[in-house]
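Going by the working numbering, 379 is the number at position 363 of the sequence shown; the sequence numbering is gapless. The C-beta atom is built at its ideal place from N, Cα and C for all residues, glycine as well. Shown next, in structure tokens, is the structure this report addresses.
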Amino acid sequence: MITGNIKSQIDQIWNAFWSGGISNPLEVIEQITYLLFLRRLDDLHTLEENRSARLGTPMTRRIFPEGNDGIGKNGGHSFENLRWSRFKHFAASEMYAVVSEHVFPFLRTLGGDGSTYAQHMQDARFTIPSAALLAKVVDLLDAVPMEDRDTKGDVYEYMLGKIASAGQNGQFRTPRHIIRLMVELTAPEPTDVICDPACGTAGFLVTAGEVLRQRHPNLLHDARRREHFHQHMFHGFDFDNTMLRIGSMNMLLHGVENPDIRYRDSLAQDHAGEEEKYTLLLANPPFAGSLDYENTARDLLQIVKTKKTELLFLALFLRLLKPGGRAAVIVPDGVLFGSSTAHKQLRRMLVEDQKLDAVVKLPGGVFKPYAGVSTAILLFTKTNSGGTDQVWFYDVAADGWSLDDKRTPLLPEDKLGPVPRSALDGEEHGKNNLPDVLARWAERNGAERERPRTAQSFCVPKADIAAQGYDLSLNRYKEVVHEAVEHRAPKEILADLAKLEEEIQRGMRELEGMLG
């Protein structure tokens with residue numbers, strides 16, 4: 017949790033950019049990302065200096081080399097002056113010259129160290145328009161506490177929230193409580209290899225990492241597990257370089273040293289080398305698009321011949337998952353009941369060839385104000401040999417926020433999300449179903465099997481789904497209780513009508529007599 021004080025510091029930074037002439041929220045976060053990266057490089061270099069001084073040994077890894085950078089007159093600037101701790105004390109005009117003419121060219125040379133952050137900085141562009149704005153932003157950023165991992169992550173998440181609240185770029189952000197729900201449902205393990213093939217700002221990967229740290233507090237005490245966590249566990253693909261930079265920084269500030277966040281057009285490139293590589297897939301892929309067959313990876317078209325991106329992404333997950341691997345993915349409702357051959361084929365595949373575990377229907381306003389599309393979370397396990405027995409359905413009516421464009425919280429902060437800090441009573445459950453989703457999910461092979469189809473959650477046998485042409489829409493199976501209403505006998509109603517009519521006629525005659 018970040019304090020109101022830190023939030024107001026971030027708001028000040030944001031407002032400084034806007035009043036300084038940068039109004040595109042993605043450009044703001046990108047420039048902040050570069051500056052945060054520079055601050056981190058300086059912190060790492062200082063740590064190495066301190067270690068070297070303490071042990072009386074030479075520095076083993078110098079981020080900032082000795083000597084000058086050779087750019088401009090007189091051999092250029094000393095590399096020492098390119099460090100955050102040095103240039104933050106310069107006068108505004110000098111700081112601007114050093115950062116724009118020396119620091120950013122230096123940033124672009126760092127790709128050789130193999131880290132994903134350095135690779136994504138290779139095309140770093142400095143777009144802050146004035147020395148005064150740079151000096152103000154460096155001052156404000158320097159005052160934000162970034163020592164603690166939780167604070168770093170929360171600060172960056174708060175900034176990313178501003179992308180969403182700023183409007184047109186909100187599609188890059190899945191609501192954090194929905195991401196947390198999906199991560200909790202799939203329960204990541206320390207041995208998992210996790211992938212999001214449409215990662216955006218890496219929200220799913222970040223949350224998976226945080227949940228792993230909470231559930232396995234000794235995870236990083238073991239050298240082998242620590243190396244797996246930092247180097248091999250997290251994989252994200254995107255074809256937007258800005259998103260790759262932001263996603264990488266998000267992972268870095270949440271304490272993952274070297275995740276595999278890289279450029280890849282997941283639907284267009286064939287997947288040699290990626291097939292059956294991952295044990296857990298978490299994603300909210302882009303829907304409502306279509307690709308030409310020529311631009312679609314051939315190996316996906318072998319699974320399902322379609323141009324629809326939401327179906328191609330499901331085919332992709334089946335391609336990327338190891339047998340035994342599991343997936344949680346957000347799909348538009350059309351995937352559940354679409355009548356095209358491709359729709360039916362893919363649903364039949366999930367039910368008959370793999371193990372479809374659950375369909376969690378989300379309320380229509382979850383993605384407002386950016387999209388009003390109705391969606392569901394599909395949870396399945398890749399088996400290549402069937403295994404679907406009963407499919408668990410849950411009808412989420414409320415997620416803790418209003419379902420209009422404002423999306424205001426309906427409960428105090430400690431009662432929001434799928435794992436609230438305080439227990440919810442019955443009335444509060446009506447405003448936030450997510451903790452109940454997790455509680456009932458845990459019982460899906462037990463008590464949930466006995467629930468009637470009139471309940472908020474219930475199980476449906478595979479045979480019933482096959483009989484409905486593999487339709488996965490919850491309303492196909494939910495039974496509605498019709499309350500018995502006592503109706504009066506028609507004769508009684510007719511007698512009352514005749515009586516009323518007689519009274520009206522009598523009243524009319526009396527009125528005529530008075531007027532006559």
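Sorted by chain position, which residues of the same chain lie with C-beta nearer than 6 Å to residue i's C-beta, five sequence neighbours on each side aside?
i: Met75; result: Glu64 and Ser68
i: Tyr410; result: Val376, Val453 and Ser473
i: Pro145; result: Gly37
i: Phe349; result: Sequence inspection shows Asp at residue 349; the Phe mentioned does not correspond to that position. Closer than 6 Å at the Cβ level, and outside the excluded window around Asp349, lie Ser390.
For residue i, I'd like the list of residues in its chain whose CB is within less than 8 Å of its CB, leaving aside the five on either flank, ordered along the chain.
i: Val588; result: Residue 588 is absent from the structure shown; the chain starts at 17 and stops at 532.
i: Met111; result: Phe103, Lys104, Ala147, Leu150, Ala151 and Val154
i: Leu510; result: none
i: Leu378; result: Ile194, Ile346, Ser390, Thr391, Ala392, Ile393, Val412 and Asp415
i: Ser264; result: Thr132, Tyr133, His136, Ala218, Pro275 and Ile277
i: Arg77; result: Glu64
i: Ala358; result: Val320, Lys321, Thr322, Lys324 and Leu327
i: Trp30; result: Val44, Met175 and Lys178
Just verifying my parser: in three-state terms, what is the DSSP assignment at residue i?
i: Lys360; result: helix
i: Lys384; result: coil
i: Val372; result: For the record, residue 372 in the displayed sequence is Leu; it is not Val. It is a strand residue.
i: Asn185; result: Annotation note: pLDDT 44 at Asn185 (below 50); position unreliable, no value reported.
i: His3; result: With the chain covering 17 to 532 only, the question about residue 3 has no answer from this structure.
i: Lys168; result: helix
i: Ala203; result: coil
i: Pro428; result: coil
i: Lys478; result: helix
i: Pro434; result: coil
i: Thr322; result: coil
i: Ile210; result: strand
i: Ile346; result: strand
i: Ile144; result: coil
i: Ser35; result: helix
i: Leu60; result: helix
i: Val272; result: coil
i: Arg469; result: coil
i: Tyr112; result: helix
i: Ile87; result: coil
i: Tyr174; result: helix
i: Arg77; result: coil
i: Asp452; result: helix
i: Asp421; result: coil
i: Ala284; result: coil
Label residue i either buried or exposed according to how many other C-beta atoms from any shown protein chain fall within 10 Å of its C-beta, with 16 as the threshold for buried.
i: Asn21; result: exposed
i: Lys23; result: exposed
i: Thr322; result: buried
i: Ser35; result: exposed
i: Thr19; result: exposed
i: Val367; result: buried
i: Met524; result: exposed
i: Val497; result: exposed
i: Ile87; result: exposed
i: Gly529; result: exposed
i: Ile481; result: buried
i: Asn449; result: buried
i: Ala32; result: buried
Since residue i and residue j are thought to touch, with beta carbons under 8 Å apart, how far apart are those beta carbons, to the nearest angstrom?
i: Lys447; j: Leu426; result: 4 Å
i: Pro213; j: Ala299; result: 6 Å
i: Ala313; j: Gln285; result: 6 Å
i: Leu297; j: Leu327; result: Not quite, the Cβ-Cβ distance comes to about 15 Å (not below 8 Å), so this is no contact.
i: Tyr174; j: Ile48; result: 11 Å between Cβ atoms; not a contact.
i: Arg55; j: Leu156; result: With a Cβ gap of about 12 Å, Arg55 and Leu156 do not count as contacting.
i: Tyr486; j: Arg363; result: 4 Å
i: Arg456; j: Glu464; result: 6 Å
i: Leu57; j: Ile79; result: 5 Å
i: Arg469; j: Glu495; result: 4 Å
i: Phe142; j: Asp85; result: Incorrect: roughly 15 Å between the Cβ atoms, too far for contact.
In its own chain, which residues sit with a C-beta less than 7 Å from the C-beta of residue i, not counting the 5 before and 5 after it?
i: His546; result: Because the chain here runs from 17 to 532, residue 546 falls outside it and cannot be looked at.
i: Pro191; result: Val382
i: Asp421; result: Lys384 and Pro385
i: Leu490; result: Val375, Lys377, Phe409 and Asp411
i: Leu126; result: Ala134 and Met137
i: Lys168; result: Met162 and Leu269
i: Phe224; result: In the sequence as displayed, the identity of residue 224 is Ala instead of Phe. Excluding positions up to five away in sequence, the list reads Val199, Pro204, Ile210 and Leu298.
i: Gln361; result: Val320
inquiry  = Assess contact between the region 253 to 264 and the region 278 to 286, defined as three or more Cβ pairs (one per stretch) separated by less than 8 Å. Is contact present?
reply    = At 8 Å Cβ cutoff, the stretches touch.
task = Indicate whether the contact test is met: 3 or more Cβ pairs, each with one atom in the region 232 to 245 and one in the region 260 to 269, closer than 8 Å.
result = no
inquiry  = Does the contact criterion of 3 or more C-beta pairs under 8 Å hold for the region 348 to 365 versus the region 232 to 239?
reply    = no
ask   = Quick check: the region 400 to 408 against the region 371 to 391, are there 3 or more CB pairs under 8 Å?
value = yes
ask   = How do the region 378 to 389 and the region 335 to 344 stand: do at least 3 beta-carbon pairs fall below 8 Å, yes or no?
value = No: the two stretches stay apart, fewer than three of their Cβ pairs being nearer than 8 Å.
task = Decide if the region 257 to 265 is in contact with the region 283 to 296; the criterion is three or more beta carbon pairs, one per stretch, under 8 Å apart.
result = no
Meets three-Cβ-pair contact criterion under 8 Å: the region 200 to 209 and the region 162 to 179 = no
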